[in-house]
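**Q**
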Amino acid sequence: KKKLIEIKDLTIHFIVEGEGIVRAVEDMNLEIGKGETLGLVGETGAGKTTTALGIMQLVPNPPGKIVSGEIIFEGENLLTKSPAELRKVRGNKISMIFQDPMTSLNPVMTVGDQIAEVVKLHQKVNAAQAIERAKEMLEKVGIPPDRSKEYPHQFSGGMRQRVVIAIALACNPTLLIADEPTTALDVTIQAQVLTLMKNLKEEFETSMLLITHDLGVVAEVCDKVAIMYAGNVIEYTDKKRLFTEPKHPYTLGLFGSIPDAEEDEERLNPIKGLMPDPTNVPSGCPFHPRCPKVMSICSERKPNNTEIELGHFVKCLLFEEGVK
Ligand code: SF4
Numbered sequence: 004k005k006k007l008i009e010i011k012d013l014t015i016h017f018i019v020e021g022e023g024i025v026r027a028v029e030d031m032n033l034e035i036g037k038g039e040t041l042g043l044v045g046e047t048g049a050g051k052t053t054t055a056l057g058i059m060q061l062v063p064n065p066p067g068k069i070v071s072g073e074i075i076f077e078g079e080n081l082l083t084k085s086p087a088e089l090r091k092v093r094g095n096k097i098s099m100i101f102q103d104p105m106t107s108l109n110p111v112m113t114v115g116d117q118i119a120e121v122v123k124l125h126q127k128v129n130a131a132q133a134i135e136r137a138k139e140m141l142e143k144v145g146i147p148p149d150r151s152k153e154y155p156h157q158f159s160g161g162m163r164q165r166v167v168i169a170i171a172l173a174c175n176p177t178l179l180i181a182d183e184p185t186t187a188l189d190v191t192i193q194a195q196v197l198t199l200m201k202n203l204k205e206e207f208e209t210s211m212l213l214i215t216h217d218l219g220v221v222a223e224v225c226d227k228v229a230i231m232y233a234g235n236v237i238e239y240t241d242k243k244r245l246f247t248e249p250k251h252p253y254t255l256g257l258f259g260s261i262p263d264a265e266e267d268e269e270r271l272n273p274i275k276g277l278m279p280d281p282t283n284v285p286s287g288c289p290f291h292p293r294c295p296k297v298m299s300i301c302s303e304r305k306p307n308n309t310e311i312e313l314g315h316f317v318k319c320l321l322f323e324e325g326v327k
């Protein structure tokens, strides 16, 4: 597939006073093709949201800083664009959906007017046409168009997130970044909103970066998956391969299927311990204190990103030649 966005060697740091440097994102390499959905998976604090803010160039500086790398979007490096050019990209080509719909909605404006406002910014239409388009968008996300005159507080959480999706798509973006878009919703509503996003993405031919901690969501929606741990993408491949042949010990732990050597049988085995304190990441492989396959070299050497077969990347010393 043709590339839409390519993240190359991206590194983002935060300087935390008195505590040092947080390596929020380290040497990240990812790409999303036209119409593709990439799932970015990890625990809280793994660096998923910082990645999204990095792409949008919204990392608060200070304390944050994009230290190095390139973000090639439609052939141009976003990291060398002026603030004015970036605003254009953000408003037109890349839209973002957040976990809490209320952060993106204006409480004192009707939902119809909010969608119409975006439509007017992006299409050459008059006020009446914009309202018509807004109603169509509401219908597309499963909200009766006659509710366009209602305010956000009159809708349920799931409905509000549908309104946010309508607004995001009204810009006709080529890339949609969705940060835990269904986490705050009821389980049944989550499924509905996900299906909706999947269908609309296909209809509008939008590419998507979907940030989630939920492998069920990945299974449902994504084409490719990147697993993050302590700022690093530790495994990256297409969904099918990730689900059938996961390789990194952390990914295996996420699937709860690490075979127990003593008992010589597979059993549910959640990963013991917590993600490291981001200001105090262990030396070598950041996963080594929790890793069931840890070797003595793991606390000394940082694993490189290794392509173990075409399109399947793993950051783990077990897969590096000449290490064991
Ligand atoms: Fe485990 Fe070592 Fe691989 Fe890290 S490098 S995941 S500690 S085996």
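Start counting the sequence shown at 4; every next residue gets the next number (full-length UniProt numbering).
Using N, Cα and C, we set each Cβ at its ideal position, and we do this for glycine too.
#1: Among all residues, which have a Cβ less than 5 Å from at least one non-hydrogen atom of the ligand SF4, and in what chain order do they fall?
#2: For residue 140 versus residue 173, is the C-beta distance shorter than 8 Å?
#3: Determine the DSSP secondary structure at residue 261, reduced to helix, strand or coil.
#4: Figure out for me which residue from 278, 281, 276, 250 has the closest Cα to the Cα of residue 310.
#5: Under a Cβ-count criterion, where at least 16 other Cβ atoms within 10 Å of its own Cβ denotes burial, should residue 130 be classed as buried or exposed?
#6: Under a three-way DSSP split, which group does residue 30 fall into?
#7: What number of angstroms, rounded off, separates the C-alpha of residue 88 from the C-alpha of residue 117?
#8: In chain order, what residues of the same chain lie with their CB nearer than 7 Å to the CB of residue 187, ignoring the 5 residues before and after it?
#9: Are there 16 or more other CB atoms within 10 angstroms of the CB of residue 50, so buried, or fewer, so exposed?
#10: In terms of residue numbering, what span does the alpha helix (DSSP H) encompassing residue 246 cover?
#11: Within 10 angstroms of its Cβ, does residue 312 collect 16 or more other Cβ (buried), or is it exposed?
#12: In or out: residue 299 buried (at least 16 other Cβ within 10 Å) or exposed?
#13: Suppose the cutoff is 7 Å on Cβ atoms and the five residues either side in sequence are ignored; what does the same chain contact list for residue 241 look like?
#14: In the DSSP assignment, find the unbroken beta strand (DSSP E) run with residue 308 in it and report its ends.
#15: What are the partner residues of residue 182, as DSSP defines its beta bridges?
#16: Below 8 Å on the Cβ atoms is my guess for residue 237 versus residue 176; work out the distance and round it to an integer in Å.
#17: In terms of alpha-carbon separation, which member of 325, 155, 7 lies closest to residue 112?
#18: Rank 233, 84, 20 by C-alpha distance to the C-alpha of residue 318 and give the top, closest one.
#19: Quick check on the burial criterion: 16 or more other C-beta atoms within 10 angstroms. Buried or exposed for residue 258?
#20: Does DSSP put residue 278 in a helix, a strand or coil?
#21: Assign residue 229 to one of three DSSP states: helix, strand, or coil.
#22: Output the distance between the C-alpha atoms of residue 321 and residue 36, rounded to the nearest integer angstrom.
#23: Look at the alpha carbon of residue 12 and the alpha carbon of residue 85, and state the distance between them as a whole number of angstroms.
#24: Three or more C-beta pairs under 8 Å: does that hold for the segment 38-46 against the segment 21-28?
#25: Considering only residues of the segment 94-174, which uninterrupted alpha helix (DSSP H) runs meet the minimum length of 4 residues and lie entirely inside it, listed in chain order?
#26: Any idea if residue 114 is buried or exposed, counting beta-carbon neighbours within 10 angstroms, 16 or more meaning buried?
**A** Let me lay it out:
#1: Every residue whose beta carbon comes nearer than 5 Å to a heavy atom of the ligand SF4 appears here in chain order: 252, 288, 290, 291, 294, 296, 297, 301, 306, 319, 320, 321.
#2: Taking the C-beta atoms as reference points, residue 173 is found nearer than 8 Å to residue 140.
#3: Confidence at residue 261 is low in this model, with a pLDDT of 47, below 50, so its placement is unreliable and no value can be given for it.
#4: Among 278, 281, 276, 250, the Cα nearest to that of residue 310 belongs to 250.
#5: Residue 130 comes out exposed.
#6: For residue 30, the three-state secondary structure derived from DSSP is strand.
#7: Cα to Cα, residue 88 sits roughly 24 Å from residue 117.
#8: 102, 103, 160.
#9: By the neighbour-count rule (16 or more Cβ atoms within 10 Å), residue 50 is buried.
#10: For residue 246, the enclosing alpha helix (DSSP H) begins and ends at 242-247.
#11: With fewer than 16 other Cβ atoms inside 10 Å of its own Cβ, residue 312 counts as exposed.
#12: Exposed: under 16 other Cβ atoms inside 10 Å.
#13: These residues qualify, in order along the chain: 226, 227, 314.
#14: Taken as a continuous stretch (DSSP letters only), the beta strand (DSSP E) holding residue 308 covers 308-312.
#15: Residue 182 is bridged to 214.
#16: That pair is no contact at about 29 Å.
#17: Of 325, 155, 7, the residue nearest in Cα terms is 155.
#18: Looking from the CA of residue 318, the closest CA among 233, 84, 20 belongs to 233.
#19: Answer is exposed; the Cβ neighbour count stays below 16.
#20: If DSSP states are grouped into helix, strand and coil, residue 278 belongs with coil.
#21: Of the three classes helix, strand and coil, the one that applies to residue 229 here is strand, per DSSP.
#22: Going from the Cα of residue 321 to the Cα of residue 36 covers about 29 Å.
#23: Computed Cα separation, rounded: 21 Å.
#24: Under the three-pair Cβ rule at 8 Å, the segment 38-46 does not count as touching the segment 21-28.
#25: List check, alpha helix (DSSP H) in window: 114-125, 130-143, 160-173.
#26: Taking all protein chains in view, the Cβ of residue 114 is crowded by 16 or more other Cβ atoms within 10 Å, so the residue is classified as buried.
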